[in-house]
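Only one structure is covered here, and it is reproduced in the block below.
Protein chains in written order, with my numbering: chain A, 1 to 202; chain B, 1 to 204.
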């Protein structure tokens with residue numbers, strides 16, 4: 001069975017720097033033999049978490065919309081690449097809205113204890129964060145990392161790698177960046193090889 | 001002229017922990033003479049996320065017509081701007097992040113178009129308040145939210161040093177803040193202190 005790679009684009013801006021970087025990663029993954037799918041959050045219909053905490057009792061979200069289907073896809077994938085540009089020192093509101101909706105999985109894990117991921121499971125599920133930022137500050141991604149960590153934890157994925165590039169305003173866009181796109185492609189190839197190896201194991 | 005306070009309750013849960021904390025701050029402010037307080041619950045304000053179109057860099061206004069039309073002007077007019085939001089998944093709730101990202105119009109005005117946000121005579125006479133609550137009691141649970149909050153205030157002409165913080169961790173279920181030993185008194189003190197500080201600035 002082929003390695004499945006799911007790319008999630010959290011930018012409101014189609015085919016911008018971040019989505020282009022994600023596409024390169026997915027191209028590399030496809031070239032290495034993975035079954036690749038890309039979901040664009042902007043095309044889905046979902047609302048942010050309402051903070052009602054109903055899931056703390058039931059383990060299910062009371063809002064049944066496209067967010068739930070996407071979480072099911074994530075749980076079925078071997079690798080997820082979650083992409084968002086940095087807006088105002090954090091991920092986009094679209095992606096944050098989706099991540100907040102994962103509260104029901106957190107509740108299953110930590111309150112109801114009906115969901116558990118073994119270390120072996122986590123090792124075989126790789127999460128990658130893809131991002132770009134206009135500014136060149138070293139710390140421009142720092143606000144995003146803990147949120148992405150929280151997402152990967154609640155869906156049972158190892159936080160495997162970042163594919164990130166800052167200073168887009170200076171470079172004039174990702175296509176002018178000397179290494180980002182080729183690195184993304186190579187990382188796509190590599191992670192699929194690693195996961196394919198796991199698939200061959202019993 | 002009365003002091004204008006504009007407050008955003010950024011939680012999707014009405015009257016939960018972060019909003020209660022905000023309400024205590026606002027009540028202490030409203031108790032002072034000549035203070036007018038307005039609170040908006042972001043879950044009711046129809047403020048959509050930024051589309052990243054960058055049109056504001058040319059137009060000096062956002063292309064979206066929604067709740068932000070009203071709050072754009074109110075943000076400029078206010079003397080004290082308070083933002084309250086819970087931490088969800090280690091970051092600020094998505095509703096508050098949408099408001100913060102929509103401040104992009106101010107970023108464009110300030111840094112691309114090089115135009116003023118508030119008139120020169122009001123600079124340094126605006127204060128900000130960030131109020132937050134988190135279910136986890138990790139000391140670093142607010143760390144990822146703060147850079148976004150600083151950016152928000154920065155682009156609406158509230159200096160870094162003029163942002164006041166009240167962040168309470170370890171409160172999760174609705175009403176948990178009521179049982180916190182110091183939250184209410186800290187909130188009331190903050191409300192009074194910020195109004196006093198603003199009066200000092202206005203008199204200077």
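All C-beta atoms in this analysis are idealised placements derived from N, C-alpha and C, irrespective of residue type, glycine included.
Computed from a prediction, not measured in an experiment: that's the story for all the values here.
Among A:67, A:190, A:140 and A:35, the one whose alpha carbon lies nearest that of residue 77 of chain A = Translated into the one-based positions of the first chain, residue 77 of chain A becomes position 77. Ranking the options by Cα distance to residue 77 of chain A, first place goes to A:35.
Does the beta-carbon of residue 17 of chain B have 16 or more other beta-carbons within 10 angstroms, so that it is buried, or is it exposed?
-> Taking the first residue of the second chain as position 1, residue 17 of chain B is located at position 17. That one is buried.
Burial state of residue 84 of chain A (16 or more Cβ within 10 Å) | Here the question's residue 84 of chain A lines up with position 84 in the first chain. Buried is the call here.
Opening and closing residue of the beta strand (DSSP E) in which residue 35 of chain B lies = As a first step, residue 35 of chain B must be located in the second chain, where it is residue number 35. Start and end: 35–41.
Below 8 Å between beta carbons is the criterion; list the residues of the region 1–32 of chain B that meet it against any residue of chain A, in chain order.
-> Against chain A - using a Cβ distance shorter than 8 Å - the residues of the region 1–32 of chain B are 11, 12, 13 and 16.
What residues from chain B crowd round residue 99 of chain A, counting only those whose CB sits closer than 7 Å?
-> Residue mapping note: residue 99 of chain A aligns to position 99 of the first chain, counting from 1. Here the neighbours are 89.
Out of A:59, A:148 and A:95, point me to the one whose CA is closest to residue 43 of chain A's CA.
-> The residue given as residue 43 of chain A occupies position 43 in the first chain. When each option's Cα is compared against that of residue 43 of chain A, the closest is A:95.
Using a Cβ-Cβ cut-off of 7 Å (strictly less than) and excluding sequence neighbours within five positions of residue 180 of chain B, which residues of its own chain qualify?
-> As a first step, residue 180 of chain B is located in the second chain; it is residue number 180 there, counting from the start. 168 and 171.
What is the DSSP secondary structure of residue 159 of chain A, reduced to helix, strand or coil?
-> Translated into the one-based positions of the first chain, residue 159 of chain A becomes position 159. Residue state, collapsed to three classes: strand.
Is residue 188 of chain A near residue 143 of chain A, with beta carbons less than 7 Å apart?
-> Here residue 188 of chain A is taken as the residue at index 188 of the first chain, counted from 1. Here residue 143 of chain A is taken as the residue at index 143 of the first chain, counted from 1. Not a contact, by the Cβ cut-off of 7 Å.
Just how far apart, CA to CA, sit residue 121 of chain A and residue 19 of chain A?
-> To locate residue 121 of chain A, count along the first chain from 1; it is residue 121. To locate residue 19 of chain A, count along the first chain from 1; it is residue 19. Each residue's Cα considered, the two are about 28 Å apart.
Taking 7 Å as the CB-CB cut-off, is residue 13 of chain A touching chain B?
-> Along the first chain, one-based indexing puts residue 13 of chain A at 13. Chain B, which has a Cβ nearer than 7 Å to the Cβ of residue 13 of chain A, makes this yes.
Exposed or buried, residue 24 of chain A, counting other C-beta atoms within 10 Å across all chains shown (16 or more means buried)?
-> Here the question's residue 24 of chain A lines up with position 24 in the first chain. Buried is the call here.
Residue 132 of chain A versus chain B: which residues are under 7 Å apart at the beta carbon?
-> Here residue 132 of chain A is taken as the residue at index 132 of the first chain, counted from 1. Simply none; closest approach about 11 Å.
Proximity test, Cβ basis, 7 Å: residue 44 of chain B and chain A | Taking the second chain and counting its residues from 1, one reaches residue 44 of chain B at position 44. Taking Cβ atoms only, chain A never reaches closer than 7 Å to residue 44 of chain B, which makes this a no.
Would DSSP call residue 158 of chain B helix, strand or coil?
-> Numbered from 1 along the second chain, position 158 holds the residue referred to as residue 158 of chain B. Correct three-state label for residue 158 of chain B: coil.
With DSSP run on the structure shown, which of helix, strand or coil describes residue 90 of chain B?
-> Here residue 90 of chain B is taken as the residue at index 90 of the second chain, counted from 1. It is coil, neither helix nor strand.
Reference residue 31 of chain A; option with closest CA among A:176, A:197, A:202 and A:190 | Residue numbering aside, residue 31 of chain A sits at position 31 when the first chain is read from its first letter. When only C-alpha atoms are compared, the closest one is A:190.
Output yes if chain B places a C-beta closer than 7 Å to the C-beta of residue 93 of chain A; else output no.
-> To locate residue 93 of chain A, count along the first chain from 1; it is residue 93. Interface residue, yes.
For the beta strand (DSSP E) containing residue 79 of chain A, list its first residue and its last residue.
-> Taking the first chain and counting its residues from 1, one reaches residue 79 of chain A at position 79. That run of the beta strand (DSSP E) goes 79–83.
In terms of DSSP beta bridges, what is residue 189 of chain B paired with?
-> By 1-based counting over the second chain, the position of residue 189 of chain B is 189. Residue 189 of chain B is not bridged to any residue.
For residue 32 of chain B, name the three-state secondary structure that DSSP assigns.
-> The residue labelled residue 32 of chain B in the question sits at position 32 within the second chain. DSSP, read as helix, strand or coil, puts residue 32 of chain B in coil.
At a Cβ threshold of 7 Å, is residue 95 of chain B touching chain A?
-> In the second chain, the residue the question calls residue 95 of chain B occupies position 95. At least one chain A Cβ lies under 7 Å of residue 95 of chain B.
Short Cβ contact (7 Å threshold) for residue 127 of chain B with residue 80 of chain B = For the purposes of this step, residue 127 of chain B is identified with residue 127 of the second chain, where counting begins at 1. For the purposes of this step, residue 80 of chain B is identified with residue 80 of the second chain, where counting begins at 1. Yes, Cβ-Cβ distance for residue 127 of chain B and residue 80 of chain B is below 7 Å.
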